[in-house]
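J.: Heads up: the sequence shown at position 138 corresponds to 137 in numbering that gives the first Met the number 0, and the numbers run straight through without jumps. Starting off with a structure, shown below.
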Amino acid sequence: MDKIAIYPGTFDPITLGHIDIIERASKIFDSVIVTLAVNPSKEPLFSAEERLEMISDAVQNFSNVTIEKFDGLLVNYAIEKKALVIIRGLRAISDFEYEFQMALMNRKLANDIQTVFLMPHEKYTYLNSTIVKGVARFGGNISSFVTPMVAGKLYEKLQVKGELK
Ligand code: ADP
């Protein structure tokens, strides 16, 4: 049986840290579905379509990685996709509390689905989408945090929204 994993996230936008996790997961599982969680309460900077486009550009070289959008209960989505694994990235102790709660709640909801935590290269441990957007807003160099395509889109978006300082 194919081992299918889903990697859910907001990806607003996708960073090199996310890509590092996707690459690691793609080497372990037969297929990985990067799952864009459409969570309106998070008020993302980019629309779902824009985020999908950036993810698609970033993962084009991984042959067993696909991308989908979803809203709803994650474990139901995993069951629908026949995925037995939910991948999450773990950067620092600060991630642990929330991830631990989510993993145990998901296990309670669907006992057969395992959450697997992967650690990125240590050079990405301080990286998250919020901090990248913060640096970009002030015109800082974000080329070591996101792909050139994402960097272009990010400056463009901030310019359009009048948020570029
Ligand atoms: P969410 O809103 O689900 O936390 P994110 O896009 O912020 O969405 O993150 C998705 C997943 O990727 C989470 O498991 C998060 O811990 C992980 N992640 C985010 N940034 C990094 C990074 N720099 N290195 C490794 N994992 C990361």
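Where is the CB? At the ideal position from N, CA and C, for every residue including glycine. Model, not experiment: these values are computed from the prediction.
Suppose only complete runs of 4+ residues qualify. What are the alpha helix (DSSP H) ranges in the segment 128-153, listed by chain order?
T.: 128-136
J.: Among I32, L73, H120, A91, which has the Cα closest to the Cα of N63?
T.: The shortest CA-to-CA distance from N63 to any of I32, L73, H120, A91 is the one to I32.
J.: Between which two residues does the alpha helix (DSSP H) carrying L51 extend?
T.: That run of the alpha helix (DSSP H) goes 47-57.
J.: Comparing the CB of T14 with every heavy atom of the ligand ADP, is any distance shorter than 8 Å?
T.: Set against 8 Å, the gap from the CB of T14 to the closest heavy atom of the ligand ADP is smaller.
J.: Three-state secondary structure (DSSP) at I18?
T.: helix
J.: Could you tell me whether any non-hydrogen atom of the ligand ADP is closer than 8 Å to the CB of N38?
T.: yes
J.: Among S143, D111, F69, which has the Cα closest to the Cα of E48?
T.: F69
J.: For the ligand ADP, is there any heavy atom lying closer than 8 Å to the beta carbon of S128?
T.: True, at least one ligand heavy atom lies under 8 Å from that Cβ.
J.: Nearest by alpha-carbon distance to Y165: which of R90, T14, Y6 is it?
T.: Outside the shown range of the chain (0 to 164) lies residue 165, about which nothing can therefore be said.
J.: Could you tell me the alpha carbon to alpha carbon distance between K199 and F45, rounded to whole angstroms?
T.: As displayed, the chain neither begins before 0 nor continues past 164, which places residue 199 out of reach and without an answer.
J.: With a cut-off of 8 Å on the beta carbons, I'd call L35 and I66 a contact; round off their distance for me.
T.: 7 Å
J.: Would you call the segment 112-132 in contact with the segment 5-25, where contact means no fewer than 3 C-beta pairs closer than 8 Å?
T.: yes
J.: Any heavy atom of the ligand ADP closer than 8 Å to the Cβ of I92?
T.: no
J.: Taking 8 Å as the cut-off, is the beta-carbon of F95 closer than that to any non-hydrogen atom of the ligand ADP?
T.: no
J.: Report yes if the C-beta of I20 is less than 8 Å from at least one heavy atom of the ligand ADP; otherwise report no.
T.: yes
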